Amino acid sequence: MSTPQEPSDFDAIRLFWTDINGVARGISMSADAYEHAREEGVGFANGVAELTLEPGLLDDPKYGPESGDMLAVPDESTLLPVSWRDGEAAVFADLETVDGEPFELCARGALERVVDDLEDAGFTPLAGVETEFSLLKPDGDGGWEPFNTRSSYDMDAIDQAADLFDAWSTPMERAGYDVVGIHQESQPGQYEVNIAYDDVLSTMDGVTFFRHMVKAVSRREGLKASLMPRPHDGEDANGMHFHLSLWDRNRETNLFADDGDLAFPAGKHPDDGDLSPTARHFVGGLLDHMKALTAVCAPTVNSYKRLVPGIWAPVNIAWGPDNRSTVLRIPPELGSAARVEHRVPDTSSNPYLAMAATLAAGLDGIEKETDPGEPTLENAYHQDYERLPRTLWGALEHLEADDVLREALGDGLVTEFVKLKRDEFDRYQNTVTRWEREEYLDEF
């Protein structure tokens with residue numbers, strides 16, 4: 015992270031937290047007002063944590079107008095500059111009840127609890143993230159179209175967006191987050207930003223900051239950055255892949271690393287690298303809970319238009335060395351770089367919840383010594399593996415029935431998450447799309 019700064023170095027400070035959906039919420043206050051917030055927190059109506067995406071209120075929220083306040087309490091170690099605004103900073107907050115207890119709908123708090131569980135078991139979880147998004151420009155007719163017409167790793171696309179790359183990278187670097195690369199992804203106007211490995215809470219704070227920043231900075235340039243999973247027909251979609259490993263308490267030894275003969279389709283390094291039993295059990299846990307994980311990692315109706323064959327998105331519940339047709343890919347860099355790539359999460363997920371659920375599933379696999387089965391070097395799209403749920407509703411049924419994830423995330427949080435997402439699905443079911451009219455209107 016960057017050199018620590020004091021609140022007095024800034025004129026205004028933004029207090030950040032996320033609702034259940036992962037939408038960044040909070041308040042901007044003067045540095046003087048922040049001094050009071052450091053001690054007391056800032057009060058918000060607790061029902062704001064379960065707003066729908068419309069946005070609106072549930073018909074039967076747990077926290078209605080009679081339910082009082084929650085407090086957003088700043089984590090002072092996270093104070094960072096908002097470099098696209100002179101004299102402003104941001105700080106991440108945890109949500110508490112007025113009497114100082116953890117608020118059950120706090121997603122960041124859920125991740126902190128899971129990290130504590132891992133640390134109690136002797137593990138330090140580290141993560142890096144690949145986050146994709148769609149950059150759009152005005153189409154001249156009141157709508158939006160892709161920023162360019164380029165595709166994967168195209169160098170012209172880098173030149174076209176070079177100033178934007180600087181505009182996106184600089185706030186991240188000044189905030190202390192290492193951006194290890196930006197490139198054009200497979201579809202027009204689609205970019206990927208890679209956020210370097212760090213402890214998982216810092217990394218998820220970084221993802222939350224990035225999502226806010228990339229929209230704000232792009233908007234200043236007259237553009238729109240969207241993290242909608244699949245914004246266009248017939249296009250690839252926006253994922254948010256987690257690269258995960260567990261280290262010892264001193265962060266000196268990667269506990270996923272081992273020697274062995276795990277085969278890779280195009281080689282590996284070092285030549286004798288393999289995954290440890292701990293890593294394999296972690297993989298087993300993720301596979302065992304994958305259907306429930308999908309609800310948290312692909313949490314919108316639109317998410318399931320990404321999880322289809324043919325666009326390099328995960329569909330089948332399998333794992334494989336350097337295999338992008340599986341939900342879990344093992345990159346060929348082993349030894350100290352050994353890690354598991356979880357490919358199901360998309361950019362609509364709440365980063366804290368998706369990471370918390372993923373790590374909880376992995377820890378369950380370690381504790382139960384879950385066998386992941388044999389990895390596949392084949393195209394998993396053409397093999398007989400169980401499939402991910404095809405709809406948000408189906409995934410929610412698996413989450414609701416998953417006792418391990420309910421306990422790890424908190425029963426109240428899972429209950430309200432499921433309620434919120436079923437409301438979203440029901441609203442979608444009450445909408446008739448253009449495709450349906452074109453498909454059925456004249457035929458029946």
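Counting from 15, one number per residue, gives the positions in the sequence shown under my numbering.
All C-beta atoms, glycine included, are put in the ideal place defined by N, C-alpha and C.
Predicted, not measured: the structure shown is a model, and the values here were computed from it.
Could you round the C-beta distance between residue i and residue j to whole angstroms and report it? I think they count as a contact, below 8 Å.
{"i": "Glu64", "j": "Pro75", "result": "5 Å"}
{"i": "Phe30", "j": "Thr222", "result": "7 Å"}
{"i": "Ser81", "j": "Thr184", "result": "Actually they do not touch by this definition, with Cβ atoms about 41 Å apart."}
{"i": "Phe24", "j": "Ala103", "result": "4 Å"}
Alpha carbon to alpha carbon, how far is residue j from residue i? Give it in angstroms, no decimals.
{"i": "Pro152", "j": "Asp180", "result": "21 Å"}
{"i": "Tyr395", "j": "Tyr318", "result": "16 Å"}
{"i": "Pro365", "j": "Met218", "result": "6 Å"}
{"i": "Glu68", "j": "Lys433", "result": "15 Å"}
{"i": "Glu54", "j": "Glu452", "result": "57 Å"}
{"i": "Met15", "j": "Val87", "result": "Bear in mind that a pLDDT of 47 at Met15, under 50, signals an unreliable position, so the number given afterwards is only what the model happens to contain. Between Met15 and Val87, the C-alpha separation is close to 21 Å."}
{"i": "Leu301", "j": "Ile331", "result": "6 Å"}
{"i": "Asp131", "j": "Asp417", "result": "16 Å"}
{"i": "Val328", "j": "Thr314", "result": "Inspection of the sequence shows that residue 328 is occupied by Pro rather than by Val. C-alpha separation (whole angstroms): 16 Å."}
{"i": "Asp262", "j": "Leu269", "result": "7 Å"}
{"i": "Thr292", "j": "Ile380", "result": "6 Å"}
{"i": "Leu94", "j": "Gly190", "result": "8 Å"}
{"i": "Leu419", "j": "Ala47", "result": "38 Å"}
{"i": "Pro386", "j": "Thr340", "result": "13 Å"}
{"i": "Asp437", "j": "Leu373", "result": "27 Å"}
{"i": "Gln198", "j": "Glu144", "result": "13 Å"}
Tell me the residue span of the alpha helix (DSSP H) that contains residue i.
{"i": "Glu68", "result": "No alpha helix (DSSP H) holds Glu68; DSSP gives it neither H nor E."}
{"i": "Thr429", "result": "Asp425 to Gln443"}
{"i": "Met186", "result": "Ala176 to Arg188"}
{"i": "Gly379", "result": "Pro365 to Lys382"}
{"i": "Gly287", "result": "No alpha helix (DSSP H) contains Gly287, which is instead part of the beta strand (DSSP E) from Gly287 to Leu289."}
{"i": "Phe224", "result": "Val214 to Arg234"}
Hey, would you say residue i sits closer than 7 Å to residue j, going by beta carbons?
{"i": "Asn252", "j": "Glu146", "result": "yes"}
{"i": "Leu9", "j": "Asp275", "result": "One cannot answer for residue 9 here, as it falls past the ends of the chain, which runs 15 to 458."}
{"i": "Asn208", "j": "Val228", "result": "no"}
{"i": "Pro335", "j": "Pro284", "result": "no"}
{"i": "Trp333", "j": "Leu342", "result": "yes"}
{"i": "Pro139", "j": "Val231", "result": "no"}
{"i": "Asn162", "j": "Gly203", "result": "yes"}
{"i": "Gly142", "j": "His257", "result": "yes"}
{"i": "Arg357", "j": "His255", "result": "yes"}
{"i": "Leu241", "j": "Thr361", "result": "yes"}
{"i": "Gly13", "j": "Gly424", "result": "No information on residue 13 is available, as it lies outside the stretch 15 to 458 that the chain covers here."}
{"i": "Ser42", "j": "Arg52", "result": "no"}
{"i": "Leu402", "j": "Leu119", "result": "no"}
{"i": "Ser200", "j": "Ser166", "result": "yes"}
Tell me where the beta strand (DSSP E) around residue i begins and ends.
{"i": "Arg39", "result": "Ala38 to Ser44"}
{"i": "Trp98", "result": "Note, Trp98: premise wrong, no beta strand (DSSP E); not H, not E."}
{"i": "His257", "result": "Met254 to Trp261"}
Just grab the DSSP bridge partners of residue i for me.
{"i": "His197", "result": "Glu206"}
{"i": "Trp158", "result": "Pro152"}
{"i": "Arg343", "result": "Gly334 and Glu355"}
{"i": "Met84", "result": "Phe58 and Thr111"}
{"i": "Arg401", "result": "Asn330"}
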